[in-house]
Each structure stands twice: as C-alpha cells, then as structure tokens.
Amino acid sequence: MLLRPTSWLAILAISFLLFQTACTDRPENLLRPCERCEIYLHDGLERSYVLHVPDNLPDNAPLVFFLHGYGGKAHQYAWFFQIRDWADENGFAVVVPQGTLDANRDPFWDARLTFANIDDVGFLTGLAQELQVTYNLDPEKTFTSGISNGGFMSYVLVQERP
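Printed below as a string of structure tokens:
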C-alpha cells in the first residue's frame with residue numbers, strides 16, 4: 001500500500017521533531033528563545049545577529065563567532081547547535097551573525113565570491129570590535145568557526161584579519 005504525499009509529509013515532520021528532541025538531554029532548552037537578537041549597522045545595511053553572553057562572564061573572556069552555511073539562518077543555527085550550553089559550560093561569549101541574501105533570497109557569506117560585493121569582512125570585524133568593547137571581551141581571544149559557506153568565510157577572516 002502506498003501512502004499519500006500528505007501522509008509522507010506528516011511522517012517526515014514528526015520524524016524531524018523527534019530527531020530534534022533527541023539531540024538534547026536538556027528539554028528546557030528546546031524552545032527557549034535567544035537572549036539577545038540584535039541589529040548592527042554596517043555600510044548602510046542592518047545586519048542581525050544572535051548573541052549569548054553567560055551570566056557572570058569574567059572580563060577578558062573569549063568571543064566565538066559561529067557562521068551559518070549557505071541558506072542558513074542564524075537563529076536556527078543558534079538553537080540547533082545549542083550555543084548557550086557551549087558558552088555557559090566553557091566560559092565564553094558566542095555570536096551567530098546572519099549573512100545577507102543573494103539573488104535567490106538565500107542567506108550567504110561573501111567569502112570573496114566573484115558575484116558578491118558585500119563587505120562581510122568589515123561587518124564581522126566591526127561587530128567583533130563592538131562586542132569586545134561592550135562586554136569587555138579579549139580581542140586576542142576572538143575566534144571564528146563555521147559550516148560550509150560559513151567555514152569559507154572563516155578562512156577569509158583568518159587571511160585578511162589574523
């Protein structure tokens with residue numbers, strides 16, 4: 001017996017939700033909203049980011065950037081990868097910035113791609129400097145990581161702003 005397409009969609013949706021809940025041993029974190037979803041103005045563009053600064057974070061703590069992949073959304077990555085738990089358990093501030101939209105309206109990072117003319121290096125550098133000052137974070141302990149297109153952007157940052 002074949003299932004109707006709507007049945008397959010329902011099974012897929014339920015499986016996805018079950019998978020998501022299985023990825024954490026802390027159910028109270030599943031639907032907890034981000035603490036700070038903020039806007040940073042760069043080159044006339046309002047750029048958003050998700051920020052988590054643990055309570056009682058000491059001065060000169062590290063700052064970690066986590067960059068989403070092509071088509072990704074910062075708030076979804078922040079939730080899925082449980083950045084709050086990482087930061088709380090390891091004593092650092094973490095920021096998940098949002099890339100801009102390409103011609104297909106998919107979020108991306110300008111990892112020196114030939115079709116893009118967005119200054120993501122300037123955006124991420126400026127955002128880092130603002131967060132370092134605002135939260136007294138150590139500029140020498142600022143790190144970046146990313147997935148796929150976000151990983152490429154991390155490489156660009158290492159080359160251009162070591």
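Numbering (the numbering used here) for the sequence shown: 1 to 162.
For glycine and all other residues, C-beta sits at the position ideal for the given N, C-alpha and C.
Residue i - DSSP class collapsed to helix/strand/coil
{"i": "I83", "result": "helix"}
{"i": "F143", "result": "strand"}
{"i": "S166", "result": "What the structure shows of the chain is the stretch from 1 to 162, and residue 166 is not part of that stretch, so it cannot be assessed."}
{"i": "A205", "result": "Residue coverage of the chain in this structure runs from 1 to 162, which leaves residue 205 outside it and unanswerable."}
{"i": "F65", "result": "strand"}
{"i": "L127", "result": "helix"}
{"i": "D120", "result": "helix"}
{"i": "D88", "result": "helix"}
{"i": "Y70", "result": "coil"}
{"i": "L157", "result": "helix"}
Proximity of residue i and residue j at Cβ, strictly below 8 Å
{"i": "V53", "j": "H75", "result": "no"}
{"i": "L137", "j": "P58", "result": "no"}
{"i": "V106", "j": "Y155", "result": "The amino acid at residue 106 is misidentified as Val; the sequence shows Asp. Going by C-beta atoms, D106 is not nearer than 8 Å to Y155."}
{"i": "F66", "j": "I39", "result": "no"}
{"i": "L45", "j": "T125", "result": "no"}
{"i": "V64", "j": "F143", "result": "yes"}
{"i": "P97", "j": "L127", "result": "yes"}
{"i": "G122", "j": "H42", "result": "yes"}
{"i": "N149", "j": "A111", "result": "yes"}
Residue i versus residue j - alpha carbon distance
{"i": "S7", "j": "N90", "result": "Here the model assigns S7 a pLDDT of 45, short of 50, so the residue's position is not dependable, and the following value carries that caveat. Their Cα atoms are separated by approximately 43 Å."}
{"i": "L131", "j": "N60", "result": "11 Å"}
{"i": "D85", "j": "N56", "result": "15 Å"}
{"i": "P139", "j": "M153", "result": "19 Å"}
{"i": "S48", "j": "C37", "result": "7 Å"}
{"i": "F108", "j": "Q159", "result": "19 Å"}
{"i": "D120", "j": "L157", "result": "9 Å"}
{"i": "K73", "j": "F81", "result": "12 Å"}
{"i": "K141", "j": "Q129", "result": "12 Å"}
Identified DSSP bridge partners for residue i
{"i": "S48", "result": "I39"}
{"i": "F108", "result": "T100"}
{"i": "L137", "result": "A61"}
{"i": "V95", "result": "L51 and F65"}
Cβ-Cβ separation, residue j to residue i (assumed contact under 8 Å), whole Å
{"i": "H68", "j": "I118", "result": "Between I118 and H68 the Cβ distance is about 15 Å, and since that is not below 8 Å, they are no contact."}
{"i": "A93", "j": "A87", "result": "6 Å"}
Interface flag, residue i vs chain B, CB-CB below 8 Å
{"i": "A128", "result": "No chain B is present in this structure, which holds just one protein chain."}
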